[in-house]
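So the structure is just underneath, and the comments pick up after that.
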Ligand code: TXA
Ligand code: MG
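Below, the structure is given as structure tokens:
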């Protein structure tokens, strides 16, 4: 397939592709998405195919006006209204009860649907011109790091989709926070830059965190394995670079020293080693750069990536750690 590269000025052309049931990769403020008409089963099926994505993994449906959530869900609780007022447009996905017209293909057969209104002008304009909600997973091949730059999308999807919109690098750099508000207790299914604390401050009540997000941390032993994540997409191998990857966790100075030691040791063995080490507490910057650094190290063909863990147990750093640990296949060294 010939993939058209479109500029910001050609959004109407991209929207026409979506209307006709085609696939368009486009920038959002979090990561690039691979979009299709959310209400067109055949179009959505093509997204799974292009990404090589398991078909039980539901997609997030993107809308351009907050009120359009009414097309997708039968009922808005006061909490949902408050969350929309506080966080939309922005990187918060709300999992709500779905209306019948939303295809099984889009929701992976669940009786809920994930909805978000992105705050990227290009994304909003695309949805507006298309005139339909757009289902969009991250625009990477399944299993690879999420794409935060135009060139990352080209690397994965050129030849597999109808069009790619060339936009700026994504501001946030990790995917949206996924919050399940379909039941009694709002529950974080995927951590993101909007934290439980932010959400609690808005709705004035405690937010739960899916226990599956704590699995496989060494302090939990192997017991965490029994948690089945509530968000289907959280169970697959994810964000994986080509290189082997190890996360080094512990006191900052010791982490730095251990990285230097392992680096030197591996280089003596003839391995090319890449290091990911963010400034202490620079969590927003870490979120912005993490996936891009993984992809850059892959391009440099390193054999091993050594990454310093971020010390944060619930905020933005925790969201980055969720991705970092998955990328490393939970390969953790404690110092
Ligand atoms: O920032 C983002 O959310 C990006 C951009 C493109 O908007 N999209 C994205 O989509 O990250 P994706 O498909 O890569 O991740 C969607 C996540 C998956 O973990 C999926 O299982 C979960 O959201 N999800 C979607 N709908 C759900 C539902 N109804 N119930 C539970 N989890 C859901
Ligand atoms: Mg994804």
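In my numbering, the protein residues as written are 23 to 357.
Glycine included, C-beta positions come from ideal geometry on N, C-alpha and C.
message: Following a CB-centred definition, is residue 84 positioned closer than 7 Å to any heavy atom of ligand 1?
response: What you label residue 84 is simply residue 62 of the chain shown in a count that begins at 1. Result yes, Cβ under 7 Å from ligand 1.
field: 8 Å Cβ shell around residue 245 - same chain, five flanking residues per side excluded
entry: Against the chain shown, residue 245 aligns to sequence position 223. Because residue 245 sits at a pLDDT of 39, beneath the cut-off of 50, its placement in the model cannot be relied upon, and the following sentence gives the value as read from the coordinates. In its chain, beyond the 5 residues on either side, no residue has a beta carbon closer than 8 Å to the beta carbon of residue 245.
query: Would a C-beta distance cut-off of 8 Å place residue 149 and residue 30 closer than the cut-off?
result: Translated into the one-based positions of the chain shown, residue 149 becomes position 127. Translated into the one-based positions of the chain shown, residue 30 becomes position 8. No.
- request: Closer than 8 Å by C-beta to residue 178: which residues in its own chain qualify, once you throw out the five before and the five after it? Chain order, please.
  value: If you number the chain shown from 1, residue 178 lands on position 156. The residues are 161, 162, 163, 166 and 169.
message: Quick check: the segment 343 to 351 against the segment 216 to 228, are at least 3 beta-carbon pairs closer than 8 Å?
response: no
field: First and last residue of the uninterrupted alpha helix (DSSP H) at residue 347
entry: Start at 1 with the first residue of the chain shown, and residue 347 comes out as number 325. Counting along the chain, the alpha helix (DSSP H) containing residue 347 begins and ends at 338 to 349.
query: Going by DSSP, which residues form a beta bridge with residue 160?
result: As a first step, residue 160 is located in the chain shown; it is residue number 138 there, counting from the start. Answer is 55, bridged to residue 160.
query: If residue 197 and residue 33 are in contact, beta carbons under 8 Å, what's the gap, nearest whole angstrom?
result: To locate residue 197, count along the chain shown from 1; it is residue 175. To locate residue 33, count along the chain shown from 1; it is residue 11. Between residue 33 and residue 197 the Cβ distance is about 22 Å, and since that is not below 8 Å, they are no contact.
field: Helix, strand or coil at residue 31 [DSSP, three-state]
entry: Within the chain shown, the letter at position 9 stands for residue 31. Residue 31: helix per DSSP, three-state reduction.
query: Under the rule that 16 or more other beta-carbon atoms within 10 Å means buried, what is residue 129, buried or exposed?
result: Looking up residue 129 in the chain shown gives position 107. So residue 129 ends up on the buried side.
task: Can you grab the Cα-Cα spacing for the pair residue 127 / residue 67, in whole Å?
output: For the purposes of this step, residue 127 is taken as the residue at position 105 of the chain shown. For the purposes of this step, residue 67 is taken as the residue at position 45 of the chain shown. Here the alpha carbons of residue 67 and residue 127 stand approximately 7 Å from one another.
query: Around the Cβ of residue 271, are there at least 16 other Cβ atoms within 10 angstroms (buried) or fewer (exposed)?
result: Taking the chain shown and counting its residues from 1, one reaches residue 271 at position 249. Residue 271 should be labelled buried.
message: Using CA atoms only, rank isn't needed, just tell me which of 157, 230 and 189 is closest to residue 210.
response: By 1-based counting over the chain shown, the position of residue 210 is 188. Here the closest residue by C-alpha is 230.
message: Considering Cα atoms alone, identify which of 39, 279, 46 and 286 is closest to residue 299.
response: Sequence index remark: in the chain shown, residue 299 carries index 277 (1-based). For residue 299, the nearest C-alpha among the options comes from 279.
- request: Using only the heavy atoms of ligand 1, determine whether one of them is closer than 7 Å to the beta carbon of residue 211.
  value: Looking up residue 211 in the chain shown gives position 189. Yes, ligand 1 has a heavy atom inside 7 Å of this Cβ.
query: What are the partner residues of residue 201, as DSSP defines its beta bridges?
result: On the chain shown, position 179 is the one that residue 201 refers to. Answer by DSSP bridge pairing, in chain order: 116 and 210.
field: Strand pairing of residue 26, partner residues [DSSP]
entry: Along the chain shown, read from residue 1 onward, the residue named residue 26 stands at position 4. When beta bridges are read from the DSSP output, residue 26 appears opposite 185.
query: What first and last residue would you give for the alpha helix (DSSP H) that runs through residue 42?
result: Position 20 of the chain shown holds residue 42. Looking at the DSSP string, residue 42 is not in any alpha helix (DSSP H), and its letter there is neither H nor E.
- prompt: Do residue 136 and residue 200 have their CB atoms nearer than 8 Å?
  reply: Reading the chain shown from its first residue, position 114 is the one you call residue 136. Reading the chain shown from its first residue, position 178 is the one you call residue 200. In contact: residue 136 and residue 200 (Cβ atoms closer than 8 Å).
query: For residue 264, which residues from the same chain have a beta carbon less than 7 Å from its beta carbon, with the 5 sequence-adjacent residues on both sides left out?
result: Taking the chain shown and counting its residues from 1, the one referred to as residue 264 is at position 242. For residue 264, where only same-chain residues beyond five positions count, the Cβ hits under 7 Å are 320.
- prompt: Which whole runs of the alpha helix (DSSP H) in the segment 291 to 332 are 4 residues long or more, in chain order?
  reply: 305 to 321
task: Could you work out which residue in 46, 131 and 106 is closest to residue 76 when comparing CA atoms only?
output: Position 54 of the chain shown holds residue 76. Of the listed residues, the one whose Cα sits closest to residue 76 is 131.
Residue 191 - containing alpha helix (DSSP H), residue span: In the chain shown, the residue the question calls residue 191 occupies position 169. Per DSSP, residue 191 belongs to no alpha helix (DSSP H) and is neither H nor E.
- prompt: Would you say residue 140 touches ligand 2, meaning its beta carbon is less than 7 Å from a heavy atom?
  reply: As a first step, residue 140 must be located in the chain shown, where it is residue number 118. Answer for residue 140: no, Cβ out of range of ligand 2.
- prompt: Who are the Cβ neighbours of residue 268 in its own chain at under 8 Å, not counting the five residues just before and after it?
  reply: For this step, residue 268 is matched to residue 246 along the chain shown. Hits under 8 Å: 284, 326, 327, 328, 329, 350, 353, 354 and 355.
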